[in-house]
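> Protein sequence lines correspond, in order, to chains B and F. Residues 1134 to 1246 in our numbering are what the first sequence spells out, letter by letter. Residues 2 to 113 in our numbering are what the second sequence spells out, letter by letter. Glycine residues also receive a C-beta, built at the ideal position from the N, C-alpha and C atoms. Encoded as structure tokens, here's the structure I'll be asking about.
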Amino acid sequence: DTGVSQDPRHKITKRGQNVTFRCDPISEHNRLYWYRQTLGQGPEFLTYFQNEAQLEKSRLLSDRFSAERPKGSFSTLEIQRTEQGDSAMYLCASSQQGEEKLFFGSGTQLSVL
Amino acid sequence: RKEVEQDPGPFNVPEGATVAFNCTYSNSASQSFFWYRQDCRKEPKLLMSVYSSGNEDGRFTAQLNRASQYISLLIRDSKLSDSATYLCVVSLAAGGSYIPTFGRGTSLIVHP
């Protein structure tokens, strides 16, 4: 399968714990996006990368959220000191530069107890 | 005002009906426009791009009205399998980048 893959599919954690999610984009795509989606809402933009450069991060929800894409391939999204309000689906998408069509992974469903 | 607005519905229509969704956006500098489809508990998938001249793909027709800042999606001869949430996406300018920004989605239920 050469689509976008995300790991894990589900994560249950206790409030206050740190969590990290991984996204592997389509190999020839140099742009990678992170979104968060809650029930009944559309995906909410968090941040994106072009190759290894993080070009927009002002919409990360708080300083507890951070993302990396160290070698311009896979990316990680970390949430520190999780809160119950962080419970959501975290979606990763990739695209080719100049082509704004997004291809999404299946997402990571986070539940904070 | 939200950057991209959609009526959440649900739109409940019989098979064979024609249904139309609208989406409005706030930034006149927006560059690109798309419709995505999202099935329950699945990721969004691209349905079609939207061009100023309008475009059609089978039973689906998308239109862009830049003057009024809205896009539309028309579905003809609805099928049961069209039941899903339809997400409007607009690339909004932000800090030198264009960010694909989603509406909240419009739910469509097609019944027998």
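Shorter than 7 Å from the beta carbon of F:P45 to some beta carbon of chain B?
So, interface residue.
> Going along chain F, which residues have a C-beta under 8 Å from B:Q1174?
Ordered by position in chain F, the residues that pass the 8 Å Cβ test against B:Q1174 are R105, G106.
> Please confirm whether F:I72 has its beta-carbon closer than 7 Å to some beta-carbon of chain B.
No, its Cβ sits nowhere closer than 7 Å to a Cβ of chain B.
> Confirm, please, whether the CB-CB distance from F:V51 to F:S79 is below 7 Å.
No, the Cβ-Cβ distance between F:S79 and F:V51 is not below 7 Å.
> What does the alpha-carbon distance come out to for the pair B:Q1139 and F:E44?
Whole-angstrom Cα-Cα distance: 11 Å.
> For the region 16 to 33 of chain F, which residues have a CB atom closer than 9 Å to at least one CB atom of chain B, in sequence order?
Within the region 16 to 33 of chain F, the qualifying residues are Q32, S33.
> Can you confirm whether the region 23 to 38 of chain F touches the region 1197 to 1205 of chain B when touching is taken to mean that 3 or more C-beta pairs between the two stretches lie within less than 8 Å?
No, the region 1197 to 1205 of chain B is not in contact with the region 23 to 38 of chain F.
> Got a sec? Which residues, its chain only, sit under 7 Å from F:V20 by beta carbon, not counting five neighbours each side?
Taken in chain order, the residues that qualify are F12, V14, I76, S79, L109.
> Would you mind telling me which residues of chain B sit closer than 8 Å to F:S54, beta carbon to beta carbon, in chain order?
Those within 8 Å of F:S54 in chain B number zero; the least Cβ separation is about 18 Å.
> At a Cβ cut of 9 Å, what residues of the region 1190 to 1218 of chain B count as close to chain F, listed as they run along the chain?
Of all residues in the region 1190 to 1218 of chain B, S1191, R1192 have a Cβ within less than 9 Å of some Cβ in chain F.
> Using only the alpha-carbon positions, how far apart do F:G124 and B:K1234 sit?
The requested residue 124 of chain F does not occur in the structure, where chain F is confined to residues 2 to 113.
> Beta-carbon within less than 6 Å of B:L1143's beta-carbon, same chain only, minus the 5 sequence neighbours each way: which residues are those?
Checking the sequence shown, residue 1143 of chain B turns out to be His, not Leu. If we look at B:H1143 and ignore the five residues flanking it on each side, its Cβ neighbours are Q1242.
> For B:L1246, I'd like the list of residues in its chain whose CB is within less than 6 Å of its CB, leaving aside the five on either flank, ordered along the chain.
For B:L1246, where only same-chain residues beyond five positions count, the Cβ hits under 6 Å are K1147.
> Under 9 Å between beta-carbons, which chain F residues line up against B:E1233? List them in chain order, please.
Result: Q32, S33, F35, S50, V90, S92, Y99, P101.
> What would DSSP say about B:S1138, mapped onto helix, strand or coil?
Looking at B:S1138 - three-state DSSP - the assignment turns out to be strand.
> Which residues share a DSSP beta bridge with F:V14?
Answer is F:V111, bridged to F:V14.
> From the DSSP output, in three-state form, read off F:L81 for me.
Here F:L81 sits in helix by DSSP.
> How about B:K1147: is its Cβ closer than 6 Å to a heavy atom in the ligand MN?
The model depicted lacks the ligand MN and carries no ligand whatsoever.
> Kindly indicate if chain F contains any beta-carbon less than 7 Å away from that of B:S1239.
True, the Cβ-Cβ gap to chain F drops below 7 Å.
> Can you find a CB in chain F that lies within less than 7 Å of the CB of B:F1154?
B:F1154 does not count as touching chain F.
> In chain order, what residues of the same chain have a beta carbon less than 7 Å from the beta carbon of B:Q1183, not counting five sequence neighbours either side?
So the list reads N1163, R1164, Q1230, once near-sequence residues are dropped.
> Which partner residues of B:Y1181 appear in the DSSP bridge assignment?
Paired residue(s): B:Y1166, B:E1189.
> Please check if any C-beta of chain F sits within less than 7 Å of the C-beta of B:L1179.
Not an interface residue.
> Taking only beta-carbon atoms, is B:L1188 less than 7 Å away from chain F?
Yes, B:L1188 counts as interfacial toward chain F.
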